[in-house]
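Input: a single structure, listed below in structure tokens.
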Amino acid sequence: MFEARLAQGTLLKKVLEAIKDLLNEATWDCNENGMSLQAMDSSHVSLVSLTLNAEGFEPYRCDRNCSLGINLASMSKIFKCASNEDSITIKAGDEGDTITYVFESPNGDKVSDYEMKLMDIETDHLGIPDTTYSCVVKLPAAEFQRICRDLSQIGESVTICCTKDGVRFSASGDLGSGNIKLAQNANVDKEDEAVTIEMQEACTLTFALRYLNFFCKATPLSPQVTLSMSNEVPLVVEYKIGEMGHVRYYLAPKIED
Amino acid sequence: QDSQLRMTQFFPSE
Numbered sequence: 225m226f227e228a229r230l231a232q233g234t235l236l237k238k239v240l241e242a243i244k245d246l247l248n249e250a251t252w253d254c255n256e257n258g259m260s261l262q263a264m265d266s267s268h269v270s271l272v273s274l275t276l277n278a279e280g281f282e283p284y285r286c287d288r289n290c291s292l293g294i295n296l297a298s299m300s301k302i303f304k305c306a307s308n309e310d311s312i313t314i315k316a317g318d319e320g321d322t323i324t325y326v327f328e329s330p331n332g333d334k335v336s337d338y339e340m341k342l343m344d345i346e347t348d349h350l351g352i353p354d355t356t357y358s359c360v361v362k363l364p365a366a367e368f369q370r371i372c373r374d375l376s377q378i379g380e381s382v383t384i385c386c387t388k389d390g391v392r393f394s395a396s397g398d399l400g401s402g403n404i405k406l407a408q409n410a411n412v413d414k415e416d417e418a419v420t421i422e423m424q425e426a427c428t429l430t431f432a433l434r435y436l437n438f439f440c441k442a443t444p445l446s447p448q449v450t451l452s453m454s455n456e457v458p459l460v461v462e463y464k465i466g467e468m469g470h471v472r473y474y475l476a477p478k479i480e481d
Numbered sequence: 076q077d078s079q080l081r082m083t084q085f086f087p088s089e
């Protein structure tokens with residue numbers, strides 16, 4: 225028996241919006257510690273790793289480990305039926321091939337339940353190595369979204385160059401080129417608006433904007449986003465999910481032919 | 076033109 229109730233159901237709605245355009249389907253792995261998901265997009269260019277800790281749910285019950293294969297577009301459609309104020313409960317039996325979602329209004333007057341078929345998904349689980357990154361940039365999530373959107377007008381790729389002075393995002397294409405430079409500004413009044421850079425070694429990497437724009441669907445989850453980079457390895461784009469977990473997107477770089 | 080690398084070139088299958 226698996227049962228997990230999140231009082232702030234809107235967080236789960238946002239989580240689904242953050243992954244459903246990148247992943248068609250994925251397996252939620254549930255154990256006593258919480259729910260997690262790891263999946264690559266269909267081109268195997270990016271990887272999503274998502275964790276929701278058991279402590280964030282009330283109640284959380286997982287009698288034995290289970291893997292729930294889910295069509296994320298279907299899950300997202302059903303979650304659109306929940307109001308932002310609703311609590312969301314996810315239930316799955318031990319033998320069943322279905323999952324049930326229960327949406328409950330804050331005063332308990334309205335309770336909706338939706339049942340969905342589970343899928344058998346063959347997953348290619350990757351071992352994510354522990355890495356110390358050369359550059360870790362924290363910036364407002366909305367700013368990162370804006371940068372990715374703006375540079376998509378110019379080209380298909382963005383080159384991110386991080387030095388101790390700041391971080392520069394550059395794109396070029398048929399119409400010309402564009403550069404956006406952000407300086408460190410850790411002294412701003414509001415913590416959420418800060419840009420901070422921790423750098424061991426300068427790095428320059430190029431990434432497909434198409435995927436970064438998919439990652440930016442997680443913007444409503446968190447005021448800040450963290451970019452972790454080292455030369456010649458995948459970029460990590462991390463958004464916190466309230467106090468209960470995180471979604472990390474990994475993106476393989478592009479290299480010159 | 077840059078070529079796009081894949082995640083499987085970096086992280087091993089488990």
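Order-wise, the sequence lines are chains V and R. One point on numbering: in this note's numbering, the residue at position 252 of the first sequence is 476, and numbering is uninterrupted. One point on numbering: in this note's numbering, the residue at position 9 of the second sequence is 84, and numbering is uninterrupted. All residues carry an ideal CB built from backbone N, CA and C; glycine is no exception.
Exercise for review: Please check if any C-beta of chain R sits within less than 8 Å of the C-beta of residue 506 (chain V).
Suggested key: As displayed, chain V neither begins before 225 nor continues past 481, which places residue 506 (chain V) out of reach and without an answer.
Exercise for review: Please classify residue 399 (chain V): is it buried, with 16 or more other beta-carbons within 10 angstroms of its beta-carbon, or exposed?
Suggested key: exposed
Exercise for review: Give the DSSP-derived three-state secondary structure of residue 298 (chain V) in the structure shown.
Suggested key: helix
Point to revise | Among V:475, V:477, V:464 and V:473, the one whose alpha carbon lies nearest that of residue 280 (chain V) | key: V:464
Point to revise | Distance between residue 408 (chain V) and residue 326 (chain V) (C-alpha atoms, nearest Å) | key: 45 Å
Check your understanding: List, in order along the chain, the chain R residues whose C-beta lies closer than 8 Å to that of residue 338 (chain V)?
Key -> In chain R, no part has a C-beta under 8 Å from the C-beta of residue 338 (chain V); the shortest such distance is about 33 Å.
Exercise for review: Report the residues of the stretch 268-288 of chain V with a CB closer than 7 Å to any CB of chain R, ordered along the chain.
Suggested key: 268, 269, 270 and 271
Review point. Where do the ends of the beta strand (DSSP E) carrying residue 273 (chain V) lie?
Key: 270-277
Review point. Using a Cβ-Cβ distance under 8 Å, would residue 351 (chain V) count as near chain R?
Key: Residue-level contact by beta carbon holds for residue 351 (chain V) and chain R, with a gap shorter than 8 Å.
Point to revise | Whole-angstrom distance between residue 404 (chain V) and residue 392 (chain V), CA atom to CA atom | key: 6 Å
Check your understanding: Which residues in the same chain as residue 414 (chain V) place their Cβ atom closer than 7 Å to its Cβ, once the five residues preceding and following it in sequence are excluded?
Key -> none
Review point. Nearest chain R C-beta to residue 382 (chain V) closer than 8 Å, yes or no?
Key: no
Exercise for review: Determine the burial state of residue 286 (chain V): buried for a count of at least 16 other Cβ atoms within 10 Å of its Cβ, exposed for fewer.
Suggested key: buried
Review point. In the stretch 440-457 of chain V, which residues sit with their C-beta less than 8 Å from some C-beta in chain R, listed in chain order?
Key: 457
Point to revise | Other residues of its chain near residue 358 (chain V): CB distance less than 6 Å, five sequence neighbours each side excluded | key: 424, 425, 427 and 454
Check your understanding: Going straight from the alpha carbon of residue 320 (chain V) to that of residue 254 (chain V), what length do you get?
Key -> Straight-line Cα distance between these residues: approximately 15 Å.
Practice item. Spell out a yes or no on whether the stretch 327-340 of chain V and the stretch 236-243 of chain V are touching, meaning 3 or more CB-CB pairs, one atom from each, closer than 8 Å. Key: no
Check your understanding: If you measure from the beta carbon of residue 245 (chain V) to each beta carbon in chain R, is any gap under 8 Å?
Key -> Chain R, which has no Cβ nearer than 8 Å to the Cβ of residue 245 (chain V), makes this no.
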